[in-house]
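Single-structure report; data block below.
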DNA sequence: CATGAATGAGGCTTCATTCAT
DNA sequence: TATGAATGAAGCCTCATTCAT
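See the structure below:
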């Protein structure tokens with residue numbers, strides 16, 4: 001009702017998205033999600049009748065929407081495909097540095113837990129499609145292949161960044177996009 | 001003791017490596033590991049006094065050794081860096097197709113569970129170093145950068161292959177290594 | 001208020017009577033009752049301030065009234081005690097066949113849940129008394145004993161019918177009433 | 001191992017049989033069963049991997065065996081069918097008086113909870129068969145019909161005894177067996 | 001009067017681990 | 001050494017009920 005205070009459902013979804021991303025679906029208890037959201041025990045099943053699995057689906061949808069927004073915010077002011085790629089990688093590097101739950105690759109969260117593979121792939125394809133659309137708009141001659149290449153590198157780099165506890169791998173992605181020797 | 005029949009400890013480690021890779025550390029119960037290994041309930045703590053965490057460390061070490069062997073087997077008969085890369089990607093694609101637990105990216109398993117980040121990175125660095133050594137031997141002018149690029153792409157491609165339920169992404173990696181436009 | 005459309009209270013009572021009879025008081029949740037009645041979550045406590053226990057009392061009263069009506073409908077057109085008994089047993093057999101919730105013996109429902117034993121016995125005595133009155137009117141020489149005998153057999157036969165998934169036991173009651181050898 | 005101290009499994013089964021008979025399957029919590037058996041929380045699933053439903057099956061089997069023993073003990077010393085019937089009813093009346101959990105009709109317990117109908121009927125048929133065998137041995141001319149009649153009356157009488165809080169109904173069964181006018 | 005949201009106690013079950021044999 | 005039994009904390013979920021609107 002109140003547009004300013006987030007609803008209980010939204011708080012649960014946000015808390016779940018954060019926790020599942022860092023600790024995984026099985027590594028996160030619903031009690032933790034409720035505590036993170038600041039809600040009492042019984043309030044989960046009112047908003048998510050299917051329980052934890054429902055929560056995972058909502059969290060994945062939220063993460064997917066956020067990712068689409070981040071891609072949009074990175075590419076919209078860009079003046080060239082390369083500029084957009086650089087902006088996106090830098091955004092991810094800063095998220096990695098500043099927000100603990102962004103240290104885990106958001107794509108991995110889609111593949112853990114009860115989200116069926118088809119839904120996970122649909123989310124991933126949405127990100128690829130959004131990226132390709134921006135690349136196309138900016139004049140990239142092969143937007144689909146470039147988007148796929150970019151995301152392949154991003155996922156791998158994110159995993160390496162996490163293992164190294166350093167966002168350097170994410171910042172190295174633009175150079176890897178430009179040349180075969182980087 | 002018997003060098004031909006796998007010992008109980010080895011069977012536990014192998015079962016754990018398989019299960020942790022697919023379902024994650026928190027998604028796998030010790031009961032499942034014991035069932036997969038075909039061993040009785042009480043036998044875990046004889047071989048792994050620290051319990052599940054011990055098992056995770058042993059499983060990671062086993063997976064790491066296997067990966068080093070796979071890299072070696074791919075690069076040793078290779079006649080050029082590109083040939084080695086192609087052989088490695090094809091090996092991974094076939095593992096993905098033929099063995100269910102290889103559908104999950106083996107690097108991800110290092111980042112779940114109680115393995116400390118330093119150990120996970122050490123395993124990953126070992127794979128990078130082994131790959132770089134082979135590339136160097138085969139005459140690659142920038143073996144470290146190429147190894148890093150290869151593994152970044154492999155990790156990303158593996159994740160995409162899993163989401164798509166198709167090893168095509170892994171087979172596309174060699175082309176991505178060669179040119180900035182692939 | 002509307003005499004033609006059943007009120008919310010009546011729909012709740014009927015739903016509860018049906019469900020408690022089949023699944024028992026503890027086996028039925030208030031959410032199920034509300035769903036069966038097609039009413040929203042919050043509406044129970046407007047009609048039954050004491051909640052589930054209140055509902056159980058109303059359901060028992062409703063079942064008791066229905067039973068008295070069934071006994072009346074069976075015996076009123078009867079031309080002899082035996083005819084009335086036969087009609088009553090046949091009615092029960094048909095209810096058993098046609099309405100799922102009549103597969104469970106209605107007397108059992110009185111003994112589960114928060115209905116105090118005195119109330120349960122009062123309902124049962126009312127059925128016995130109604131039956132005895134009809135038998136007396138039809139000229140039975142020992143109406144009380146015959147009513148008691150009839151209901152003892154009916155309760156047992158109903159239980160057997162349910163276990164056998166066959167109303168035959170109910171249809172066998174009239175013969176058991178007539179002779180010691182049936 | 002020790003033949004004198006009942007095993008944990010036996011204590012659980014006995015506790016469950018008692019509690020399910022009085023309070024019903026849904027009205028009894030596993031915590032209550034464990035408390036009644038004097039065992040800690042985790043010990044149920046070691047002996048009954050399927051949990052509460054398994055416990056219900058074991059409890060029904062135990063109750064069924066006990067009933068067969070009671071029937072045997074009543075009829076073996078009997079000198080005639082009528083004598084056996086009288087002894088059985090008196091035994092049940094005394095159980096009703098002396099042991100709280102025998103106030104509930106043991107047949108009803110078979111029809112509550114997860115025991116499938118076929119199993120419930122099998123138990124009931126076993127009691128009928130045991131009773132008929134004894135009646136036959138004692139010279140009853142129609143043992144099957146008489147056994148069926150006896151159990152129909154017993155089940156009904158037990159229910160009435162419970163409602164009345166008085167075992168009189170059970171003690172009235174022999175007379176009902178003998179004559180159509182009782 | 002009517003209702004969706006909220007609430008926390010308690011339900012059943014699984015867990016990793018320890019113990020007695 | 002090897003193992004089935006034991007253990008209780010913690011897991012997810014359902015429950016009957018109350019409340020704010």
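Chains as they are written, first to last, in full-length UniProt numbering: chain H, 1 to 182; chain R, 1 to 182; chain D, 1 to 182; chain V, 1 to 182. The beta carbon of each residue, even a glycine, is placed where N, CA and C say it ideally should be. On a predicted model such as this, the values are computed, not experimentally measured, just so you know.
CB contact check: residue i to chain D, cutoff 8 Å
| i | result |
| --- | --- |
| residue 102(V) | no |
| residue 168(V) | no |
| residue 47(V) | no |
| residue 79(V) | no |
| residue 27(V) | yes |
| residue 171(V) | no |
| residue 164(V) | yes |
| residue 24(V) | yes |
| residue 156(V) | yes |
DSSP three-state assignment for residue i, whether helix, strand or coil
| i | result |
| --- | --- |
| residue 114(D) | coil |
| residue 159(V) | helix |
| residue 45(R) | helix |
| residue 13(R) | helix |
| residue 1(D) | Here the model assigns residue 1(D) a pLDDT of 43, short of 50, so the residue's position is not dependable and the matter cannot be decided. |
| residue 209(R) | Because chain R here runs from 1 to 182, residue 209(R) falls outside it and cannot be looked at. |
| residue 79(V) | coil |
| residue 142(V) | coil |
| residue 19(D) | helix |
| residue 29(H) | coil |
| residue 119(V) | helix |
| residue 8(D) | helix |
| residue 84(H) | helix |
| residue 179(R) | coil |
| residue 167(H) | coil |
| residue 108(D) | helix |
Nearest neighbour of residue i, chosen from the options [CA to CA]
| i | options | result |
| --- | --- | --- |
| residue 19(V) | 162(V), 126(V), 59(V) | 59(V) |
| residue 10(V) | 53(V), 148(V), 39(V), 173(V) | 39(V) |
| residue 103(D) | 47(D), 156(D), 36(D) | 156(D) |
| residue 147(V) | 134(D), 141(D), 176(D), 140(D) | 176(D) |
| residue 88(V) | 98(V), 30(V), 79(V), 73(V) | 73(V) |
| residue 53(D) | 85(D), 92(D), 12(D) | 12(D) |
| residue 174(R) | 164(R), 152(R), 165(R) | 152(R) |
| residue 125(D) | 166(D), 55(D), 67(D), 86(D) | 67(D) |
| residue 14(V) | 69(V), 55(V), 85(V), 178(V) | 55(V) |
| residue 65(R) | 28(R), 51(R), 94(R), 127(R) | 127(R) |
Closer than 8 Å to chain V by CB, residue i
| i | result |
| --- | --- |
| residue 176(D) | yes |
| residue 11(D) | no |
| residue 160(D) | yes |
| residue 108(D) | yes |
| residue 121(D) | yes |
| residue 117(D) | yes |
| residue 82(D) | no |
Interface flag, residue i vs chain R, CB-CB below 8 Å
| i | result |
| --- | --- |
| residue 70(H) | no |
| residue 149(H) | yes |
| residue 112(H) | yes |
Whole-number beta carbon distance between residue j and residue i, since they are thought to touch under 8 Å
| i | j | result |
| --- | --- | --- |
| residue 171(D) | residue 90(D) | 7 Å |
| residue 116(D) | residue 132(D) | So it is not a contact: roughly 24 Å between Cβ atoms. |
| residue 81(V) | residue 138(V) | 5 Å |
| residue 110(D) | residue 101(D) | Not really, about 14 Å apart at Cβ, beyond 8 Å. |
| residue 26(V) | residue 24(D) | 6 Å |
| residue 63(H) | residue 106(H) | 5 Å |
| residue 130(V) | residue 71(V) | 5 Å |
Residue i at chain H interface by Cβ criterion, 8 Å
| i | result |
| --- | --- |
| residue 132(R) | no |
| residue 7(R) | no |
| residue 18(R) | no |
| residue 127(R) | no |
| residue 153(R) | yes |
| residue 124(R) | yes |
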